[in-house]
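One structure is given below, encoded as structure tokens.
Chains as they are written, first to last, in the numbering used here: chain A, 2 to 227; chain B, 2 to 227.
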């Protein structure tokens, strides 16, 4: 392992509050010239997320790579048949189907990010997953991430480290971390609303959770001032 | 875990000799009504592989699902930029670029297959990876597969089992297994040649390795009789 490889980090950036905070954590930890970011275009309903990721990365002065994944849409739909004909990956705009949620989706994101890191000689991945508060997804838990890190290290013969700075933080603590890292202005560019609204709808579960975190930290959400 | 879940198997089918032998292994182990197969269209140079997978599955009377993965082409190319514009996933037909080889590719295949298995209530994955003979890829080794199985079980809260019937077999033993399973006729439909030829070119490393295995087993390759 060279020093250069160990000092570079790739942040999985969704355009949300958590991953954007992690971007600033990585800048603080690894230094401005050593951080890049990757965003996945997997057919998410709210395309605004991709724009937010781009804006946050630009604002932070960090490269943002966009990687397509058309597999989730194919997996989530009911278009899978025995015909051997490739299924369409588009979401039906009328029904909103197929559902692009796939179990273990985060395993895929991190493995693709690891492959990109490998190709670029990057030794560290940073992801905003958290097992506290709200997530509940088994692929966001610490035990899963640690196991996946081992699988990636074996499967790619690498010493890639996966960092999860928010793993045990509450939403309040995540806001406090953003403030401490000077990341608060960037939070005005992030996306949270389940309804895909900017400014946010304010009443969906994601908006309410975000509002609670800021309120508990005693901080005004810059997104609401925009 | 229900019995039904435990008795169903999904075979990762590339259309080659090894995975096709595994398809017959799965039929023998789990029974004809309990086996299905998945093939990945990841932009491989030789599209004939997809056709072979389909033909082998049809011949064996097994469902064959085709899942697209456009990410490898994007990862393998040099089209990744900071522009935030989605990269083209097509392979340039003139140069043959981008190189779709990505480190840890098998981790991705198995994780997507696991997600499909989860959605369909299938408890077993079967893959033709082998750490003997020629493979050498770190993501085909037993330690990697065992670690990945643990990651998938944690990340999907499942008890999915990954089976690797060929892990410690030589090419000769794989041919002998195919004969024992009655899979020899299906071998006429499989694809091996690195040059994408049918009938095979006979002199590329893949053709030579296949020929050696059949010769050592004292069996005529049905592919050469076609």
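A virtual CB, placed ideally from N, CA and C, is assigned to each residue, including glycine. Computed from a prediction, not measured in an experiment: that's the story for all the values here.
### Task
Anything in the region 101-123 of chain A with a Cβ closer than 8 angstroms to a Cβ of chain B? List those residues in chain order, please.
103, 104, 105, 106, 107, 108, 109, 112, 113, 115, 116, 117, 119, 120
### Query
Checking contacts by CB at 8 angstroms: is residue 44 (chain B) closer than that to chain A?
As a working mapping, residue 44 (chain B) is identified with position 43 in the second chain. No - not a single Cβ of chain A is within 8 angstroms of the one on residue 44 (chain B).
### Message
Using a Cβ-Cβ cutoff of less than 7 angstroms, which residues in the same chain neighbour residue 112 (chain B) once the five nearest sequence positions on both sides are dropped?
### Response
As a first step, residue 112 (chain B) is located in the second chain; it is residue number 111 there, counting from the start. Only 153 meet the Cβ criterion.
#### Entry: Cutoff 8 angstroms: residue 90 (chain A) Cβ touching any chain B Cβ
Along the first chain, read from residue 1 onward, the residue named residue 90 (chain A) stands at position 89. Because residue 90 (chain A) carries a pLDDT of 38, less than 50, the predicted location of this residue cannot be relied on, and no value is offered for it.
### Task
Please list, in chain order, all residues of the same chain as residue 55 (chain A) whose beta carbon is under 6 angstroms from its beta carbon, the five residues on each side excluded.
In the first chain, counting from the first residue as 1, residue 55 (chain A) sits at position 54. Within the same chain, residue 55 (chain A) has close Cβ partners 65.
### Message
Counting only C-beta atoms, is residue 70 (chain B) closer than 8 angstroms to chain A at any point?
### Response
Residue mapping note: residue 70 (chain B) aligns to position 69 of the second chain, counting from 1. Judged by the 8 angstroms Cβ criterion, residue 70 (chain B) is in contact with chain A.
### Query
How about residue 25 (chain B) and residue 187 (chain B): are their beta carbons less than 8 angstroms apart?
Locating residue 25 (chain B) in the second chain gives position 24, where the first residue counts as 1. Locating residue 187 (chain B) in the second chain gives position 186, where the first residue counts as 1. Yes, the pair counts as a contact, with Cβ atoms nearer than the cut-off.
### Message
Could you give the first and the last residue of the continuous alpha helix (DSSP H) run that contains residue 146 (chain A)?
### Response
The residue given as residue 146 (chain A) occupies position 145 in the first chain. 143-157 is the extent of the alpha helix (DSSP H) around residue 146 (chain A).
#### Entry: Identified DSSP bridge partners for residue 109 (chain B)
Indexing the second chain from 1 puts residue 109 (chain B) at position 108. Residue 109 (chain B) is not bridged to any residue.
### Message
With DSSP as the reference, identify every bridge partner of residue 10 (chain A), one or two as the case may be.
### Response
For the purposes of this step, residue 10 (chain A) is identified with residue 9 of the first chain, where counting begins at 1. In DSSP, residue 10 (chain A) forms a bridge with A:36, A:125.
### Message
Run through chain A and tell me which residues come within less than 9 angstroms of residue 17 (chain B), C-beta to C-beta.
### Response
Position 16 of the second chain, counting from 1, holds the residue named residue 17 (chain B). Under the 9 angstroms cutoff, chain A gives no residues; its nearest Cβ is about 17 angstroms from residue 17 (chain B).
### Query
Does the beta carbon of residue 126 (chain A) sit closer than 8 angstroms to a beta carbon anywhere in chain B?
For the purposes of this step, residue 126 (chain A) is identified with residue 125 of the first chain, where counting begins at 1. Not closer than 8 angstroms to any Cβ of chain B, the Cβ of residue 126 (chain A) fails to qualify, so no.
### Query
Short check: CB of residue 126 (chain A) to CB of residue 13 (chain A), under 8 angstroms?
In the first chain, counting from the first residue as 1, residue 126 (chain A) sits at position 125. In the first chain, counting from the first residue as 1, residue 13 (chain A) sits at position 12. Contact flag set, yes.
### Message
Between the alpha carbons of residue 144 (chain A) and residue 45 (chain B), how many angstroms are there, rounded?
### Response
Here the question's residue 144 (chain A) lines up with position 143 in the first chain. Here the question's residue 45 (chain B) lines up with position 44 in the second chain. If you take the alpha carbons of residue 144 (chain A) and residue 45 (chain B), they lie about 34 angstroms apart.
### Query
By DSSP, does residue 96 (chain A) sit in helix, in strand, or in coil?
Counting from 1 along the first chain, the entry for residue 96 (chain A) is found at position 95. For residue 96 (chain A), the predicted model reports a pLDDT of 38, less than 50, meaning its position is unreliable; a value from the coordinates is still stated below. In the structure shown, residue 96 (chain A) sits in coil (DSSP, three-state: anything other than H, G, I, E or B).
### Query
What residues in its chain sit with their C-beta under 8 angstroms from that of residue 132 (chain B), if we drop five residues either side in the sequence?
Stepping through the second chain from its first residue, residue 132 (chain B) is reached at position 131. 141, 142, 143, 168, 169.
### Query
What residues from chain A crowd round residue 163 (chain B), counting only those whose CB sits closer than 7 angstroms?
Numbered from its first residue, the second chain carries residue 163 (chain B) at position 162. Those do not exist, as residue 163 (chain B) stays about 12 angstroms from chain A at its closest Cβ, beyond 7 angstroms.
### Task
Give the DSSP bridge partners of residue 69 (chain B), in chain order.
Here residue 69 (chain B) corresponds to residue number 68 of the second chain, with the count starting at 1. For residue 69 (chain B), which the question treats as bridged, DSSP gives the partners B:42.
### Query
Mind pulling the chain A residues with CB within less than 7 angstroms of residue 75 (chain B)?
In the second chain, residue 75 (chain B) corresponds to position 74, counting from 1. In chain order: 68, 69.
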